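Enquirer: Dropping the structure in here first, questions after.
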Amino acid sequence: MAETRDEEVSPAIDVFPSSTIAPVSPNIFSGFLEHLGRCIYGGILPSTRTTFPYTPRKPCPEDQFASTPESLLTPEGFRADVLKVLRDELRVPLVRWPGGNFVSSYNWKDGIGPQEERKRRPELAWNGEESNQFGTDEFITWCRVAKIEPYIVLNMGTGTLEDALHWIEYCNGTGDTYYANLRRKNTGRDEPHGVKYWGLGNEVWGEWQVGQQTASAYATKARQWAHAIRLVDPNVILIGCGETGINHWDGVVLDELIDKVEMHSIHLYTGFGPRDRSQTEREYGRTVYGADAADYSIQVCKGLINKARFAKNISKSVKLAFDEYGVWDETVGTPENGLEQFYNFADALAMASWLNVFIRQADVVDIACIAQSVNVISPLITSPTGLFRQTIYWPLYLFSRYMRDGISVHLSVASPKFCGETLPQWISSVKGFPSDLDASAVLYTDPQTKARSLRVAVVNRSETQSYNVPLRVAFETVASEVEVHELWHADVKARNGWGKEHEVSVKTKRENWTGRWSFREHSFTLLVLGLS
Ligand code: AHR
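In structure tokens:
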């Protein structure tokens, strides 16, 4: 397909601060930890050579499995550097654990009690071995240190309802019962773990899943589980297992489960899909426009939610937990290398577009978990003694810092379209050709000073074309100076890595505001505009 553009369109952005969508949920900056590759062992705990049978990607300055000095660990034995970035820089509010595909054959009882007595098990999802050195109590301790809300996914593959009820009793029980007492014994504290968020299985629709089921079989089972779970703990927030939001599975499951869950989980990765054998590099267009699929899936899923609510006359709202999203090229981040993908600049633009989607869809997306938080298709890559921030870290950092705590507001974007090949391909045929300019906006009020500002995030996804764009703010007077955060690199294939940790990073400046902005070709810009 030719990459033609509509040259007739004059790019323009109009923002309507008084036309609000919804407050941005801080939980859209959530994370995900799976027992996969070097996520837990190497990312959260120090590495262990014997844990996984694959080879992490080179180049790394050291043996990936060398021991991490104690001085780099927290008193609890966690990697202090990773924890600090997640807690203090990205301010991750909630983390999903323990998978992912991993959970569908995980026995939580193997991961509690004295560590030296824990059973080492075959790991079926990723063809590894699980040492069980990191289990429920370690996860909760890590969450406490990291000031993060835990979200646990239940095993609906090999796990039984009874196992699940025991797990919830172990975490949340306050009575004089066996599993609540076992937790007290293991942790030495009376206080329950207080896990509010529970997922009813992971990708149960997928043929790669241990325990795959049909939509109706899953929905029947999930209803039964939800009923029983609430008898153990009526205060939990239950998250049903959806597909991508737009599939037959989503409709069936929502129709059946809508009255039993608070949220519906969906997953999507961009840059993920079969690569043409003649291609040696991923194509730019197939990377950067992919988040439009998520935008469309969310819109459709919102309709499916409301249709299901209507059919059962349900007044409560049901929100989306987009609890796995991200940029993943399955031919680069493979099970053999523990899904370690080194991201380039184009991937960072894709990530910025992902975040624009969550801001624009703030009325329905309550949780979004980047997959994953460390080493595995992640913004952070560790060695035994350090870490570097990948290109995709920067949009996440900027959104978390400037777009959180705001109210998402409507904006209208006029932009030339991209008519080349997208991934998934159906974006152009079903949703329509994606726009080069992709934007979202929030209205922020400083809680102390009450000063208001408008934060506008703009990705210019055109590889070659810069756009000088009028940016009009309806019915407001904009301050004379603007704060600008720009992510740009001449080379869309530029990467950060060991020895070039800052090749791609954000530049911040202040400029006079003239009512227009020049968005460079292939750039991400976040403008902070003061309002009087
Ligand atoms: O994040 C990697 C994998 O992608 C997860 O385990 C699974 O849920 C998804 O298919």
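So the sequence shown is residues 1 to 532, counted in the UniProt record's numbering.
Glycine is no exception: its CB is placed at the ideal position from the N, C-alpha and C atoms.
If you're wondering where the values come from, they're calculated on a predicted model, not measured in any experiment.
#1: Could you tell me which residues DSSP pairs with Phe388 in its beta bridges?
#2: For Phe32 and Gln372, which I take to be in contact (beta-carbon distance under 8 Å), what is that distance rounded to the nearest angstrom?
#3: Cβ of Ala348 within 7 Å of any heavy atom in the ligand GTP?
#4: Out of Ile258, Glu256, Glu262 and Ala293, state which residue places its alpha-carbon closest to the alpha-carbon of Gly271.
#5: Label Ser10 either buried or exposed according to how many other C-beta atoms from any shown protein chain fall within 10 Å of its C-beta, with 16 as the threshold for buried.
#6: Using DSSP bridges, identify the partner residues of Leu527.
#7: Identify the continuous alpha helix (DSSP H) that holds Arg79 and give its terminal residues.
#8: Give me the residue from Asn132, Asp163 and Val300 with the minimum Cα distance to Glu116.
#9: Which complete beta strand (DSSP E) runs does the region 310-338 hold, if anything under 3 residues is left out?
#10: Between Ala494, Ala12, Leu73 and Leu529, which lies nearest to Tyr284 when the distance is taken from Cα to Cα?
#11: For His193, does the three-state DSSP call read helix, strand or coil?
#12: Round the Cβ separation of Val232 and Cys241 to the nearest angstrom and send it over; I've been treating them as touching at under 8 Å.
#13: Quick one: what does DSSP say Gly420 is sitting in, helix, strand or coil?
#14: Using only alpha-carbon positions, find the residue among Thr422, Trp394, Asp436 and Tyr106 that is nearest to Glu501.
#15: Grab me the residues of Ala219's own chain with a C-beta within less than 7 Å of its C-beta, minus the 5 sequence neighbours each way, in chain order.
#16: Where does Gln448 land, buried or exposed, given buried means 16+ other C-beta within 10 angstroms?
#17: Could you give the first and the last residue of the continuous beta strand (DSSP E) run that contains Gly240?
#18: For the alpha helix (DSSP H) that Pro395 lies in, which residues bound it at each end?
#19: Could you check which residue in Ala362, Lys109, Tyr467 and Val528 has the C-alpha nearest to that of Tyr179?
#20: Quick check: the region 421-428 against the region 396-408, are at least 3 beta-carbon pairs closer than 8 Å?
#21: Per DSSP, what kind of secondary structure is Cys60 in: helix, strand or coil?
#22: Can you tell me which of Val492, Ser104, Glu503 and Ala346 puts its alpha carbon nearest to the alpha carbon of Gly290?
#23: Can you grab the Cα-Cα spacing for the pair Ser18 / Ala228, in whole Å?
#24: Excluding the five sequence neighbours on either side, which residues of its own chain have a C-beta within less than 7 Å of the C-beta of Asp363, listed in chain order?
#25: Is Glu324 close to the ligand AHR? I mean its beta-carbon at under 7 Å from any heavy atom of the ligand.
#26: What would DSSP say about His227, mapped onto helix, strand or coil?
#27: I need the straight-line Cα distance from Arg516 to Asp14, nearest angstrom please.
#28: In angstroms, rounded to a whole number, what distance separates the CA positions of Val195 and Gly128?
#29: Let me confirm a value: Asp323 is counted as buried when at least 16 other C-beta atoms fall within 10 Å, else exposed. Which label applies?
#30: Can you tell me whether Ser462 is helix, strand or coil according to DSSP?
#31: How many Å lie between Pro46 and Arg79 at the Cα?
#32: Using only the alpha-carbon positions, how far apart do Ser518 and Asn468 sit?
#33: Where do the ends of the beta strand (DSSP E) carrying Phe519 lie?
#34: Just reading off the alpha helix (DSSP H) that Trp205 is part of, what are its end residues?
#35: To the nearest whole angstrom, what separates the beta carbons of Val261 and Ile239, a pair I think is in contact under 8 Å?
#36: Can you look up Glu130 in the DSSP assignment and give me helix, strand or coil?
Expert: The relevant details are as follows:
#1: Numbered from 1 along the sequence shown, position 388 holds the residue referred to as residue 388. According to DSSP, which records beta bridges pairwise, Phe388 is partnered with Ile381.
#2: Against the sequence shown, residue 32 aligns to sequence position 32. Against the sequence shown, residue 372 aligns to sequence position 372. Yes, they are in contact, since the Cβ atoms of Phe32 and Gln372 sit about 5 Å apart, within 8 Å.
#3: Ligands in the displayed structure: the ligand AHR; the ligand GTP is not one of them.
#4: Within the sequence shown, residue 271 is the residue found at index 271, counting from 1. Taking Gly271 as reference, the option from Ile258, Glu256, Glu262 and Ala293 with the minimal CA-CA separation is Ala293.
#5: Position 10 of the sequence shown, counted from the first residue, corresponds to residue 10. Here Ser10 is exposed, its C-beta having fewer than 16 other C-beta atoms within 10 Å.
#6: Along the sequence shown, one-based indexing puts residue 527 at 527. Beta-bridge pairing links Leu527 to Val456 and Val484.
#7: Counted from its first residue, the sequence shown places residue 79 at position 79. It is not in any alpha helix (DSSP H) - Arg79 carries neither H nor E in the DSSP assignment.
#8: What you label residue 116 is simply residue 116 of the sequence shown in a count that begins at 1. Out of Asn132, Asp163 and Val300, the CA that lies nearest to the CA of Glu116 is found in Asn132.
#9: 319-327
#10: Numbered from its first residue, the sequence shown carries residue 284 at position 284. The shortest C-alpha separation from Tyr284 is found at Ala494.
#11: Within the sequence shown, residue 193 is the residue found at index 193, counting from 1. If DSSP states are grouped into helix, strand and coil, His193 belongs with coil.
#12: Counted from its first residue, the sequence shown places residue 232 at position 232. Counted from its first residue, the sequence shown places residue 241 at position 241. Between Val232 and Cys241 the beta-carbon gap is near 20 Å, outside 8 Å, which marks them as no contact.
#13: As a working mapping, residue 420 is identified with position 420 in the sequence shown. Looking at Gly420 - three-state DSSP - the assignment turns out to be coil, as it is neither helix nor strand.
#14: Residue mapping note: residue 501 aligns to position 501 of the sequence shown, counting from 1. When each option's Cα is compared against that of Glu501, the closest is Trp394.
#15: Walking along the sequence shown from the start, residue 219 turns up at place 219. Contacts found: Val252, Val253, Glu256 and Leu257.
#16: For the purposes of this step, residue 448 is taken as residue 448 along the sequence shown, with counting starting at 1. Burial state of Gln448 is exposed, judged by a 10 Å Cβ sphere holding fewer than 16 other Cβ atoms.
#17: Start at 1 with the first residue of the sequence shown, and residue 240 comes out as number 240. Counting along the chain, the beta strand (DSSP E) containing Gly240 begins and ends at Ile237 to Cys241.
#18: One-based indexing of the sequence shown puts residue 395 at position 395. For Pro395, the enclosing alpha helix (DSSP H) starts and ends at Tyr393 to Tyr402.
#19: Along the sequence shown, one-based indexing puts residue 179 at 179. Closest option to Tyr179, Cα to Cα, is Lys109.
#20: no
#21: Numbered from its first residue, the sequence shown carries residue 60 at position 60. Three-state DSSP puts Cys60 in coil, outside helix and strand.
#22: Taking the sequence shown and counting its residues from 1, one reaches residue 290 at position 290. Selected option, being the one with the closest Cα: Ala346.
#23: As a position in the sequence shown, residue 18 is number 18, starting the count at 1. As a position in the sequence shown, residue 228 is number 228, starting the count at 1. Looking at the two C-alpha atoms, the distance is approximately 44 Å.
#24: Within the sequence shown, the letter at position 363 stands for residue 363. For Asp363, where only same-chain residues beyond five positions count, the Cβ hits under 7 Å are Ile21 and Ala22.
#25: Residue mapping note: residue 324 aligns to position 324 of the sequence shown, counting from 1. Glu324 Cβ: within cutoff of the ligand AHR.
#26: If you number the sequence shown from 1, residue 227 lands on position 227. The answer is helix: DSSP assigns His227 an H, G or I state.
#27: Residue mapping note: residue 516 aligns to position 516 of the sequence shown, counting from 1. Residue mapping note: residue 14 aligns to position 14 of the sequence shown, counting from 1. Rounded to the nearest angstrom, the two C-alpha atoms are 11 Å apart.
#28: Here residue 195 refers to the residue found at position 195 of the sequence shown. Here residue 128 refers to the residue found at position 128 of the sequence shown. Those two C-alpha atoms are separated by around 28 Å.
#29: Indexing the sequence shown from 1 puts residue 323 at position 323. Classification of Asp323: buried, given that the 10 Å Cβ count is 16 or more.
#30: Numbered from 1 along the sequence shown, position 462 holds the residue referred to as residue 462. Residue state, collapsed to three classes: coil.
#31: Within the sequence shown, numbered from 1, the residue matching residue 46 stands at position 46. Within the sequence shown, numbered from 1, the residue matching residue 79 stands at position 79. Distance between the alpha carbons of Pro46 and Arg79: 6 Å.
#32: In the sequence shown, counting from the first residue as 1, residue 518 sits at position 518. In the sequence shown, counting from the first residue as 1, residue 468 sits at position 468. Going from the Cα of Ser518 to the Cα of Asn468 covers about 4 Å.
#33: The residue labelled residue 519 in the question sits at position 519 within the sequence shown. Looking at the DSSP string, the run of the beta strand (DSSP E) that includes Phe519 is Arg516 to Phe519.
#34: Locating residue 205 in the sequence shown gives position 205, counting from the first residue. Trp205 -> no alpha helix (DSSP H), and no H or E assigned at all.
#35: Position 261 of the sequence shown, counted from the first residue, corresponds to residue 261. Position 239 of the sequence shown, counted from the first residue, corresponds to residue 239. A Cβ-Cβ distance of about 6 Å is found for the pair Val261 and Ile239, placing them in contact under the 8 Å criterion.
#36: In the sequence shown, residue 130 corresponds to position 130, counting from 1. Three-state DSSP puts Glu130 in a strand.
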